[in-house]
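These notes are about the structure you will find just below.
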Amino acid sequence: MKKIWFIAYKDFIYTLKDKIVLMWMFIMPLVFFAFIGSTTQGFGGSSNEVSSLAVWYEGEQQDPVFTQIKYRLEAENYALRIFNADQLLYKDKWSFDDYARQLWVPNDLQAQMAAGQPLELSYLIDDEGMGAEFHQYKLYKAIYQILGDLLILKTNYGKDWQQLDFAKVNEIPRMIELDVTSAGKLQLIPSGYKQAVPGILVMFIMMIALTSGSLALFLERKTGVLKRLSAAPISRRQLILGKWLGKWMLATCQLIYGMLAGALLFSIHWGEHWLMVFIILLSWAAACAGFAVMMGSMAKNEGQVNGIPLIASLLLAALGGCWWPIEVTPEWMQTLAMFLPTGWVMDALHELMYFGGGLADVVNHQLALYTLALVALYFAFTKFNHEVK
74 MKKIWFIAYK DFIYTLKDKI VLMWMFIMPL VFFAFIGSTT QGFGGSSNEV SSLAVWYEGE
134 QQDPVFTQIK YRLEAENYAL RIFNADQLLY KDKWSFDDYA RQLWVPNDLQ AQMAAGQPLE
194 LSYLIDDEGM GAEFHQYKLY KAIYQILGDL LILKTNYGKD WQQLDFAKVN EIPRMIELDV
254 TSAGKLQLIP SGYKQAVPGI LVMFIMMIAL TSGSLALFLE RKTGVLKRLS AAPISRRQLI
314 LGKWLGKWML ATCQLIYGML AGALLFSIHW GEHWLMVFII LLSWAAACAG FAVMMGSMAK
374 NEGQVNGIPL IASLLLAALG GCWWPIEVTP EWMQTLAMFL PTGWVMDALH ELMYFGGGLA
434 DVVNHQLALY TLALVALYFA FTKFNHEVK
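Given below as structure tokens:
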């Protein structure tokens, strides 16, 4: 056992001396956390989240139509920020550089609506993808509700409708009641940093182990280091276990750093079962270390050891739900993820961190990852080779 630890320690320290490895272990994860997390905000978030909305309006604040517009928008969970030309910081009507959602409301709303004139509201949403479509839907919903309120006034209050007393409409009891009951556990799909940090961490554990770990082993085969070690008083089993353990230590270092950086820099709460989260990621690191030894033993040139692990890491990360919540993808993709090891890991992390699951809910995930680690170690033994042929 002492020889195994000695080989693992030397292998771990030798790999950490590479500046490129250090950059990909400690700098690039933070870049990916920030970039992926910021671009996927709201990707699968809850519709109950409050969003800011900048509104440009220069008319009377007590205008009944404008009051109803505010009422309907606030009902859609918008925190309104009302601006006009009298405010020093926002004199430019068409520019709110620090607001991603903007709305322009014309003046004299009551007079124009009472006269039957069309009203034109303009909006700008600077979000991307489904986030933009979601906010566009909420704005349309609020406006169409106001049109429905106007129709109720015209139908029920005769000529008095021109007073536009929308308070009467808001006080009308609803004729249809919606009975809401629980259909199961509420699952708030993580987005932004909540999705990006665990997902990218899973990807980097795999990427660092497969690329750096397999390349280091291949170079040792190519330069004859492993062949010379075979002449030392070290058994083949000790050598393989030492190499595997060293790469596991490298991936574990990446794991610990990623979890700490996620908690301290991106406010990620790893949940009440954080220890089990760590154990699951630790078993994932063990499996990746085993496949790194296998890949380093089988590669015949540097092109293979550089290209194949990288492509495999990116492909498994994308299909397994590391880049985006797999819960928002088509059903066929969610099914496919359950046949991939990255899908097992991400499903277990979501269950423990966000869906209220307990240890019993991830037993199958643990068994699958432990089995994968044993399979990887088996291939590491069977495919191990001292030299490049």
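Just remember that the working numbering sits 73 ahead of the position in the sequence shown, which is counted from 1.
For each residue, glycine too, the CB sits at the ideal point set by N, CA and C.
Quick caveat: nothing in here was measured; it's all calculated off a predicted structure.
Cα-Cα separation, residue i to residue j
i, j, result
"residue 335", "residue 454", "35 Å"
"residue 130", "residue 113", "31 Å"
"residue 79", "residue 400", "44 Å"
"residue 226", "residue 199", "35 Å"
"residue 307", "residue 301", "11 Å"
"residue 279", "residue 361", "6 Å"
"residue 331", "residue 111", "17 Å"
"residue 90", "residue 98", "12 Å"
"residue 398", "residue 207", "17 Å"
"residue 178", "residue 430", "46 Å"
"residue 274", "residue 296", "32 Å"
"residue 380", "residue 357", "21 Å"
"residue 157", "residue 140", "16 Å"
"residue 375", "residue 172", "49 Å"
"residue 150", "residue 205", "15 Å"
"residue 423", "residue 222", "42 Å"
"residue 329", "residue 351", "8 Å"
"residue 215", "residue 240", "16 Å"
"residue 142", "residue 268", "34 Å"
"residue 132", "residue 217", "22 Å"
"residue 233", "residue 224", "13 Å"
Neighbour-count burial assignment, residue i, 16 or more Cβ in a 10 Å radius
i, result
"residue 427", "buried"
"residue 405", "exposed"
"residue 388", "exposed"
"residue 444", "exposed"
"residue 74", "exposed"
"residue 152", "exposed"
"residue 340", "exposed"
"residue 83", "exposed"
"residue 189", "exposed"
"residue 270", "buried"
"residue 435", "buried"
"residue 249", "exposed"
"residue 342", "exposed"
"residue 242", "buried"
"residue 299", "buried"
"residue 237", "buried"
6 Å Cβ shell around residue i - same chain, five flanking residues per side excluded
i, result
"residue 288", "378"
"residue 450", "363"
"residue 353", "421"
"residue 344", "425, 426"
"residue 438", "417, 421"
"residue 211", "149"
"residue 457", "313, 370"
"residue 136", "182, 183"
Contact check, residue i vs residue j, beta carbons under 8 Å
i, j, result
"residue 186", "residue 123", "no"
"residue 394", "residue 415", "yes"
"residue 145", "residue 245", "no"
"residue 174", "residue 95", "no"
"residue 425", "residue 349", "yes"
"residue 312", "residue 370", "no"
"residue 81", "residue 318", "yes"
"residue 365", "residue 320", "yes"
"residue 128", "residue 109", "no"
"residue 359", "residue 446", "yes"
"residue 432", "residue 346", "yes"
"residue 413", "residue 77", "no"
"residue 338", "residue 103", "yes"
"residue 355", "residue 325", "yes"
Close-in-space but distant-in-sequence residues of the same chain around residue i (CB under 7 Å, 5 per side omitted)
i, result
"residue 382", "283, 284, 287, 368"
"residue 192", "179, 182, 185, 186"
"residue 195", "177"
"residue 88", "94, 285, 289, 323"
"residue 327", "98, 277, 278, 281"
"residue 209", "198"
"residue 316", "80, 84, 290, 366"
"residue 386", "276, 279, 280, 283"
Nonlocal neighbours in the same chain, by C-beta distance under 8 Å from residue i, ignoring five residues either side
i, result
"residue 118", "Confidence at residue 118 is low in this model, with a pLDDT of 49, below 50, so the placement of that residue is unreliable and no value is reported for it."
"residue 235", "187"
"residue 147", "153"
"residue 419", "271, 272, 275, 393, 394, 395, 399, 410"
"residue 252", "none"
C-beta neighbour in chain C for residue i, strict 8 Å
i, result
"residue 245", "Among the chains of the structure shown, chain C does not appear; only one protein chain is present."
**OP:** Can you check the region 118-152 for any beta strand (DSSP E) of at least 3 residues that lies completely inside it and give the ranges in chain order?
**Re:** 124-129
Original post:
Can you list, in chain order, the stretches of the alpha helix (DSSP H) that have 4 or more residues and sit fully within the region 290-345?
Top reply: 298-302, 309-338
Subject >> alpha helix (DSSP H) runs contained entirely in the region 336-404, provided each spans 4 or more residues >> reply: 347-371, 375-393
Subject >> Ordered list of alpha helix (DSSP H) runs contained in the region 189-238, each at least 4 residues >> reply: 203-229
Subject >> alpha helix (DSSP H) segments (min. 4 residues) lying fully within the region 244-288 >> reply: 266-281
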